[in-house]
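First comes the structure, then the notes that go with it.
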Amino acid sequence: MISELKQELTNMINDVNSLNDLQNIKVSIFGKKGRITLLTKDMKDKTIEERRQIGQEVHQLKEYIEIIIKQKELFLIEKKINDDINNEAIDIYLPGMEFNSGTLHPLTITRNEIESFFNSLGFAVIEGNEIESDEYNFEKMNIPKDHPARDMQDTFYFSVEELLRTHTSPMQARTMEANAPDGPIRVIVPGKTYRRDEDDLTHSHQFMQIEGLVIDKNISLADLKGTLELFAKNIFGSNTKIRFRPSYFPFTEPSVEVDVTCHVCHGQGCSVCKQTGWIEILGAGQVHPNVIDNCGYDSNVYQGFAFGMGVERVAMIKYGIDDIRLFYNNNLNFLKQFDKIK
Ligand code: DAH
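Residue numbers (numbering that gives the first Met the number 0): 0 to 341.
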C-alpha cells in the first residue's frame with residue numbers, strides 16, 4: 000500500500016510543470032489532511048509493533064518524497080530563470096534611440112569666420128561689457144550730451160550714467176586708454192549691442208556688432224580700404240568688390256559707409272539690392288583726432304582707422320536670409336540648415 004502511494008506521488012511530482020502547482024502538491028501531501036499526514040492518523044488503534052513498523056515506513060516515504068520535491072523545485076526554478084532570460088532577450092535589430100546633437104548658431108558661425116579672418120591679419124579679439132557708461136558709450140566717442148546722434152540709439156538706461164551699450168565703439172576708447180600712449184593697436188571687438196530700433200525684417204532692438212580698431216603711425220584711409228577689400232573677398236567670395244560712400248560718424252573723420260557688390264546679381268541690379276548692385280555692410284573711417292587725444296594718444300603722431308559691422312547683416316547677405324528675427328526665435332527648421340557649415 001505504501002509502495003503504491005509512493006509510486007502515485009512520484010508520478011504526480013514528475014508531471015508537475017510549475018512552482019505554483021508544486022506548492023499545491025506539497026500541501027496535498029504534507030498538509031493537515033495531506034496524503035502522508037493521514038497515514039499516521041489512526042495510530043492509536045494499532046499495536047506497538049504495528050506502530051513501529053508503520054512509523055518507520057512513513058518516515059522513509061516522507062524523506063524520499065521531500066527529496067524529489069526539492070529536486071523538482073530546483074529544476075523548476077532553473078527552468079523559470081532560463082525561460083525569463085529567453086523571453087526578455089534584447090532585440091539587437093531594433094532601431095537605436097535617436098541622438099540629437101546641436102549645431103552652431105549661424106551668428107556664431109559668421110562671428111567665428113570673421114574672427115579667424117582678422118586673426119590672420121594679426122588682429123586680437125577682445126570683448127567688452129554689455130552695460131556701458133554714458134561716458135564711454137557717447138562722450139569719449141565724441142558724442143556729447145546734446146548731440147542728435149544719440150537720439151537714433153539710446154534707450155536702455157539703468158541710470159543717468161549707465162545704459163546697455165548701443166554699439167561696440169566704446170571699446171575703442173577703452174582699448175586705447177589701456178595701451179596709451181604708444182601703439183600699435185590692432186583689435187576686433189565682437190559682442191551684443193542694444194538700440195531703440197523697432198523690430199522688423201532688418202532691424203532688432205538687440206543685435207551683434209564687430210568693431211575694428213587700428214592705431215599706429217602713418218595709417219591712412221588706403222589701409223582701411225585694403226583691409227576691408229580683403230575682408231569682403233574672404234567672407235563673400237573672391238569676385239566681391241567694395242565701394243566707399245562718404246558718410247558721417249562723430250568718432251571718425253572722414254567717415255564712410257562701405258558697400259559690397261550684391262551676392263545675388265553680382266552688381267547687375269536685382270530686388271535684393273534694390274536695383275543698385277550694391278549692399279551696405281558697415282560704417283568706418285579714420286579715427287577722429289578728438290577721440291585719439293581723449294584716449295591718451297597724440298593725434299599728431301598716431302592715426303588710426305575703425306569700422307563697425309552688424310554680424311546679422313553679414314550672415315543675411317552670406318546665407319540669403321531675409322528676416323533678421325529668424326536668428327532669435329529658435330526655430331529648429333531654420334537652425335538645422337546650418338549643420339553642414341562649420
Ligand atoms: N558705431 C557705429 C554704429 O553703431 C558703427 C561704426 C561706424 C563703427 C563707423 C565704427 C566706425 O568704428 O568707424 O552705427
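Virtual Cβ for every residue (Gly too), placed ideally from N, Cα, C. Remember, it's a predicted structure, so these values are computed and weren't measured experimentally.
- When DSSP reads this structure, Asp215 sits in a beta bridge with Gln302.
- If you ignore the 5 residues before and after Gly295, its C-beta comes within less than 7 angstroms of the C-beta of Met175, Glu176, Ala179 and Pro180, all in its own chain and listed in chain order.
- Considered as a whole, the segment 242–299 harbours 288–293 as its complete alpha helix (DSSP H) runs of no fewer than 4 residues, in chain order.
- Contact annotation: Gly276 and Gly282 have beta-carbon atoms that are not nearer than 7 angstroms.
- With 16 or more other Cβ atoms inside 10 Å of its own Cβ, Thr260 counts as buried.
- Around the C-beta of His287, 16 or more other C-beta atoms lie within 10 Å, and the residue is accordingly described as buried.
- Scanning its chain for C-beta atoms nearer than 6 angstroms, with the 5 sequence neighbours on each side dropped, one finds around Lys240 the residues Thr260, in chain order.
- Val300 is classed as exposed because its beta carbon has fewer than 16 other beta carbons within 10 Å across all chains shown.
- According to the DSSP assignment, Gly190 belongs to the beta strand (DSSP E) that extends over Ile184 to Tyr193.
- Non-local beta-carbon contacts of Asn289 in its own chain, meaning distances under 6 angstroms to residues more than five positions away in sequence, involve Asn141 in chain order.
- In terms of side-chain proximity, the C-beta atom of Gly225 is found no nearer than 6 angstroms to any non-hydrogen atom of the ligand DAH.
- The C-beta distance from Glu138 to Gln171 rounds to 13 angstroms, too long to fall under 8 angstroms, and the pair is not in contact.
- Tyr156 sits in a strand when the DSSP states are folded into three classes.
- If you draw a straight line from the Cα of His204 to the Cα of Gln274, it is about 28 angstroms long.
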